[in-house]
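Participant: Residue numbers (the UniProt record's numbering): 1 to 637.
Note that the Cβ used here is the ideal one computed from N, Cα and C, for glycine as well.
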């Protein structure tokens, strides 16, 4: 069965005995070998397998050998070439082809050509894709000593033998050249003395074959280390018997091909096969029966040396020719891309191949070897180090700057108090300063001059246990109930009648404020009364107060209205001047004249009651909240 295309194959050659045919006849070959898949080329690279020869005896006792050469290019159909050898028989079988009887000459031709091609693939596989050689350009000389195997056509009465010789060629550039050669073979006839096959049983005769020829060479891939080529030309062979006899000359066209495998810039391994066509045109030799031109196959391998010409100069020796090298001054040893420019994987400007520290972080300053420098030896490379002059032994952060974990301005390596709270002032050792010795560091202490021995809160201020606004060390009444107003000594202030009136009625009515008759000037004896009122009002910064002026009925309405408003404004001016903490926006002044009497204006007593100043609360909800608070406090006693 045919193997699956595209798989590497191996021959399991189990053969029947081949029958020996009479001279000039054909051989009966064994059945085709069984073929097995070795691996899938889609999963493995292209490869070539050479199976070593195996030997056994056939059923007549003769030695029988088999070997195989296998080439499996990835993604394409594989090629199998093998040969079977026994005494006097040789067989060839190709991939998928049914085994058929072959004449000896055609079998040898196909096998030898396959062997040359596959051997070339083996050598190129070993050489690898990185071979730098290409064909020499310009006019140059090629010299090639060679050796190989000569395989004569079946009608030629000569044994197949090794041949050797030399070639001298003139290259006309990279693609075309001309070549002449000389070769020599020591062989013998198979029987008799003629050069063509007969039924003679006479003993064989030794022969020397000298060959000459000239060919045109066409290189197909001259810029590659694997360069196939074709050749064609004319040849002539001089055949001379060792014993006295007549020399013969054979000539004709020849053609062939091969491959040059670059070994260095001017040296290549050359493998080829050529077909030398013979015509028996030298009298008195007749043409062989049934054939006027015979195909003789010559296989050879040699070393070609190129002299002169242009080898494709590579000034910087980076493997990329100058004519395509975009970076012609690449330093020796640098790895380059196809354009001849250095690769630099870590971007430190030191080419790969020279870079001894290939994974340098981006931005680091490096030396000529590509290794990062660290001038202050803090472990952060120069170029990345934002604090390059760090003292030796200093602990640094990722930026290379001195580490200061508690942000107090003293480096960790020097800081003896590494957990200083943020904002505290510290000394040179990184420890907090506490000028008043109250346990709260300067910088955090909101009361920096606390007397020695005073208990303080977290702010550094003296404690106020009863929260009356007077610190414990000054509080003469340390257990004042919450919400009770205290004096400067921390003791409760008794609530005056006027404050009670304010809470209960939402206003304070004052008749003890006197003015000069018909004027808004406040009399001196009214000062204490206004001072008491002011002391009450400053305790209520959220109240909105209307100061209303009222008169008796004497005088006109218009005059009284104007006079009362001036008197109300005079009261507001006095309070604002005497008590700076009072916010004027909290108060309004308004005159009512005689429009709102509280008593009869017909009597002196009634008129005295109507002359008054009222402090009226406009936002009484604040008073309601305060009364509720005091009620709850009283309930909790």
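Using the Cα positions of residue 79 and residue 169, report the straight-line distance between them to the nearest angstrom.
Facilitator: Position 79 of the chain shown, counted from the start, is the residue given in the question as residue 79. Position 169 of the chain shown, counted from the start, is the residue given in the question as residue 169. Residue confidence for residue 79 is low, a pLDDT of 38 falling below 50, so the modelled location carries little weight; the figure read from the coordinates is stated next. Roughly 33 angstroms separates the two Cα atoms.
Participant: Can you name the start and end residues of the beta strand (DSSP E) that residue 557 belongs to?
Facilitator: Looking up residue 557 in the chain shown gives position 557. Premise fails: residue 557 lies in the alpha helix (DSSP H), 557-578, not in any beta strand (DSSP E).
Participant: Mark residue 500 as exposed unless 16 or more other C-beta atoms lie within 10 angstroms of its C-beta, in which case mark it buried.
Facilitator: To locate residue 500, count along the chain shown from 1; it is residue 500. Exposed, because fewer than 16 other Cβ atoms sit within 10 Å of the Cβ of residue 500.
Participant: What does the Cβ neighbour count give for residue 596, buried or exposed, with the cut at 16 atoms within 10 Å?
Facilitator: For the purposes of this step, residue 596 is identified with residue 596 of the chain shown, where counting begins at 1. Exposed, since its Cβ has fewer than 16 Cβ neighbours within 10 Å.
Participant: Is the beta carbon of residue 396 less than 7 angstroms from the beta carbon of residue 374?
Facilitator: As a first step, residue 396 is located in the chain shown; it is residue number 396 there, counting from the start. As a first step, residue 374 is located in the chain shown; it is residue number 374 there, counting from the start. No. Outside cutoff.
Participant: For residue 271 versus residue 263, is the C-beta spacing smaller than 7 angstroms?
Facilitator: Translated into positions along the chain shown, residue 271 becomes position 271. Translated into positions along the chain shown, residue 263 becomes position 263. No; because the gap between Cβ atoms is not below 7 angstroms, this pair is not in contact.
Participant: Verify whether the separation of the beta carbon atoms of residue 450 and residue 436 is less than 7 angstroms.
Facilitator: Taking the chain shown and counting its residues from 1, the one referred to as residue 450 is at position 450. Taking the chain shown and counting its residues from 1, the one referred to as residue 436 is at position 436. For residue 450 and residue 436, yes; Cβs fall inside 7 angstroms.
Participant: What's the call for residue 56, buried or exposed, on a 16-neighbour Cβ count within 10 Å?
Facilitator: Looking up residue 56 in the chain shown gives position 56. Legend: pLDDT at residue 56 = 45, less than 50; position of this residue unreliable, value from coordinates given subsequently. Burial call: exposed.
Participant: Determine the contact status of residue 297 and residue 156, defining contact as a CB-CB distance below 7 angstroms.
Facilitator: Position 297 of the chain shown, counted from the start, is the residue given in the question as residue 297. Position 156 of the chain shown, counted from the start, is the residue given in the question as residue 156. No, the pair does not count as a contact, with Cβ atoms beyond the cut-off.
Participant: With burial defined as no fewer than 16 other Cβ atoms inside 10 Å of the residue's Cβ, what is the status of residue 581: buried or exposed?
Facilitator: Within the chain shown, the letter at position 581 stands for residue 581. With fewer than 16 Cβ atoms within 10 Å of its Cβ, residue 581 is classed as exposed.
Participant: Report the three-state DSSP secondary structure of residue 616 (helix, strand or coil).
Facilitator: Here residue 616 is taken as the residue at index 616 of the chain shown, counted from 1. Correct three-state label for residue 616: strand.
Participant: Please give me, in chain order, every unbroken run of the beta strand (DSSP E) with length at least 3 that falls completely inside the region 492-526.
Facilitator: DSSP runs (the beta strand (DSSP E)) wholly in the region 492-526: 507-510.
Participant: For residue 610, which of helix, strand or coil comes out of DSSP?
Facilitator: Within the chain shown, residue 610 is the residue found at index 610, counting from 1. Residue state, collapsed to three classes: helix.
Participant: List the endpoints of the continuous beta strand (DSSP E) containing residue 372.
Facilitator: The residue given as residue 372 occupies position 372 in the chain shown. Segment: none, residue 372 is in no beta strand (DSSP E) and carries neither H nor E.
Participant: Please report how far the alpha carbon of residue 153 lies from the alpha carbon of residue 162, in whole angstroms.
Facilitator: Sequence index remark: in the chain shown, residue 153 carries index 153 (1-based). Sequence index remark: in the chain shown, residue 162 carries index 162 (1-based). Using only the alpha carbons, I get a separation of about 15 angstroms.
Participant: Output the residue ranges of the beta strand (DSSP E) runs that lie fully inside the region 403-488 and measure 3 residues or longer, sorted by chain position.
Facilitator: Entirely contained in the region 403-488, not one beta strand (DSSP E) run reaches 3 residues.
Participant: What whole-angstrom Cβ distance do residue 584 and residue 576 have, given they're in contact under 8 angstroms?
Facilitator: Locating residue 584 in the chain shown gives position 584, where the first residue counts as 1. Locating residue 576 in the chain shown gives position 576, where the first residue counts as 1. Indeed, because the Cβ distance is near 5 angstroms, the residues count as touching under 8 angstroms.
Participant: Can you check DSSP and say which residues form a bridge with residue 550?
Facilitator: Here the question's residue 550 lines up with position 550 in the chain shown. DSSP lists 593, 612 as partners of residue 550.
Participant: Quick one: is residue 652 buried, meaning 16 or more other Cβ sit within 10 Å of its Cβ, or exposed?
Facilitator: A query on residue 652 cannot be resolved here, the shown segment of the chain reaching from 1 to 637 and no further.
Participant: Suppose the cutoff is 8 angstroms on Cβ atoms and the five residues either side in sequence are ignored; what does the same chain contact list for residue 520 look like?
Facilitator: For this step, residue 520 is matched to residue 520 along the chain shown. Cβ within range, chain order: 563, 566, 567, 569, 570.
Participant: In chain order, what residues of the same chain have a beta carbon less than 8 angstroms from the beta carbon of residue 25, not counting five sequence neighbours either side?
Facilitator: Translated into the one-based positions of the chain shown, residue 25 becomes position 25. Caution applies to residue 25, whose pLDDT of 36 falls short of 50 and renders its modelled position unreliable; the value that the coordinates give is listed next. None.
Participant: Rounded to the nearest angstrom, what separates residue 393 and residue 347 at their Cα positions?
Facilitator: As a working note, residue 393 is residue 393 in the chain shown. As a working note, residue 347 is residue 347 in the chain shown. If I take the Cα positions, the gap works out to 30 angstroms.
Participant: With C-beta atoms as the reference, is residue 376 less than 7 angstroms away from residue 388?
Facilitator: Taking the chain shown and counting its residues from 1, the one referred to as residue 376 is at position 376. Taking the chain shown and counting its residues from 1, the one referred to as residue 388 is at position 388. For residue 376 and residue 388, yes; Cβs fall inside 7 angstroms.
Participant: On the CB-based measure, 16 or more other CB atoms within 10 Å of its CB, does residue 368 come out buried or exposed?
Facilitator: Start at 1 with the first residue of the chain shown, and residue 368 comes out as number 368. Exposed is the call here.
Participant: Is residue 582 near the ligand NAD, in the sense that its beta carbon is under 6 angstroms from a heavy atom of that ligand?
Facilitator: Although the ligand NAD was asked about, the structure shown includes no ligands whatsoever.
Participant: Can you say whether residue 550 is buried or exposed, counting buried as having 16 or more other CB atoms within 10 angstroms of its CB?
Facilitator: As a working note, residue 550 is residue 550 in the chain shown. Buried, by the Cβ-count rule.
Participant: Using the three-state DSSP reduction, which class does residue 143 fall into: helix, strand or coil?
Facilitator: If you number the chain shown from 1, residue 143 lands on position 143. It is a strand residue.
Participant: Let me know if residue 410 comes out buried or exposed under the rule of 16 or more other beta-carbons within 10 Å of its beta-carbon.
Facilitator: Translated into the one-based positions of the chain shown, residue 410 becomes position 410. Looking at its Cβ environment, which holds 16 or more other Cβ atoms inside 10 Å, residue 410 is buried.
Participant: Using CA coordinates, which residue listed in 201, 177, 200, 166 is at the minimum distance from residue 184?
Facilitator: For the purposes of this step, residue 184 is taken as residue 184 along the chain shown, with counting starting at 1. Comparing Cα positions, the closest option is 166.
Participant: Can you name, in chain order, every residue of its own chain whose Cβ lies under 7 angstroms from the Cβ of residue 525, other than the five neighbours on each side?
Facilitator: Locating residue 525 in the chain shown gives position 525, counting from the first residue. Around residue 525: 514.
Participant: Could you pull out every residue in the same chain whose Cβ sits closer than 7 angstroms to the Cβ of residue 509, ignoring the five residues on either side in sequence?
Facilitator: For the purposes of this step, residue 509 is taken as residue 509 along the chain shown, with counting starting at 1. Hits under 7 angstroms: 612, 614.
Participant: Have a look at 191, 211, 316, 307 and flag the residue whose alpha-carbon is nearest the alpha-carbon of residue 332.
Facilitator: For the purposes of this step, residue 332 is taken as the residue at position 332 of the chain shown. The candidate whose alpha carbon is nearest that of residue 332 is 316.
Participant: Quick check on DSSP: helix, strand or coil for residue 536?
Facilitator: Taking the first residue of the chain shown as position 1, residue 536 is located at position 536. In this structure, residue 536 counts as helix in the three-state DSSP scheme.
Participant: With a 10 Å radius around its C-beta and 16 neighbouring C-beta atoms as the bar for buried, classify residue 176 as buried or exposed.
Facilitator: Position 176 of the chain shown, counted from the first residue, corresponds to residue 176. Residue 176 comes out exposed.
Participant: Alpha carbon to alpha carbon, how far is residue 186 from residue 638? Give it in angstroms, no decimals.
Facilitator: Absent from the structure is residue 638, since the part of the chain shown begins at 1 and ends at 637.
Participant: Nearest chain C C-beta to residue 326 closer than 7 angstroms, yes or no?
Facilitator: In summary, chain C is missing from the structure at hand, where a single protein chain is found.
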